[in-house]
Amino acid sequence: KIFDKITNKSNNYIKECFEIALNLLKTKYAYALINGPISKKHFLKKKQLGITEYLSLKTKVKNNGTMLIYNSNFSVCPITTHLPINSVSKSLNSKKIINSVLEINKFYINHLNKKPLIAVLGLNPHCESINKISEENKIIIPAIKKLIKKKIVIKGPFSADTFFATKNLKKFDVAIGMYHDQVLTPMKTLYNFNAINLTLGLPFIRVSPDHGTNNEMIGQNKSDPASLICAINFFNKLNEN
């Protein structure tokens, strides 16, 4: 069904599609979910921060799932997802970092047959803070130490402003950032639409394009489908395995 603008009718249609898909997944008639770009502002109406959080609520997952922006060469994960920047610091904790890294490690091993080398970025510029106890010392480094004890191949924290250099992209498989734009901005600059958004930690694998909606293009058949095609191709490869 095609809509030429966002309305209550289009939002209800999306909701119905999700309900049908979730029922199919629950009854094992399907094993994975792909959704296109959705306007979070209009569809969620401030009830949840994003579709990741919406699906976590629908499937009763407490940790809100883990967002992984995936490319076969390199991937990134923001620990906090759709939060305003002034809410990031108080929303961070070691448990979130540990849970997300464990989900990513499990995904790479189970579905990609690879144990990933993971880098963790700091929150503050140059991983330094004028405060007595920085987020790096209080939250990030303790999380890394616990993950090393769990045999995760992980290093950091790295300063975000210099991390996304070619040598690091070739060395690491995944970069863990503390907030959305810290890792999604360089990721999209590097790979444009040649990446997908994976939600890990749900009872099923969920994939969407790595971009949101463009309201100016709705109904005009001008949108670039590259990321959606990547999502479909990704599932085809998973199915082959």
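One point on numbering: in our numbering, the residue at position 121 of the sequence shown is 252, and numbering is uninterrupted. Glycine included, every Cβ here is placed at the ideal spot set by N, Cα and C.
- The alpha carbon of I283 has as its nearest neighbour, out of S358, V192 and S231, the alpha carbon of S231.
- Here the C-alpha atom of N139 lies approximately 26 angstroms from the C-alpha atom of T330.
- Annotated three-state conformation of K286 is strand, per DSSP.
- If only complete runs of 3 or more residues are kept, the stretch 267–314 shows the beta strand (DSSP E) at 285–289 and 305–308, in order along the chain.
- DSSP, reduced to helix, strand and coil, places Y160 outside both helices and strands of the structure shown, so it counts as coil.
- A distance below 7 angstroms between beta-carbons, with the five flanking residues on each side excluded, links F366 to the following residues of its chain, in chain order: A163, I165 and V338.
- Around the C-beta of S222, fewer than 16 other C-beta atoms lie within 10 Å, and the residue is accordingly described as exposed.
- Between the C-alpha atoms of P273 and L155 there is a straight-line separation of about 40 angstroms.
- Residue environment for L333: buried (at least 16 other C-beta atoms within 10 angstroms of its C-beta).
- Beta bridge pairing from DSSP links A250 with K286 and A306.
- D292 is classed as exposed because its beta carbon has fewer than 16 other beta carbons within 10 Å across all chains shown.
- K368 and N142 have their C-alpha atoms spaced approximately 31 angstroms apart.
- Per DSSP, the unbroken alpha helix (DSSP H) holding S187 starts and ends at I182 to K189.
- The DSSP-derived three-state label of L214 is coil.
- V207 is bridged by DSSP to I200 and A306.
- In the displayed model, V232 falls within a helix according to three-state DSSP.
- Excluding the 5 residues flanking it on each side, L175 has same chain C-beta neighbours closer than 7 angstroms at Y185, in chain order.
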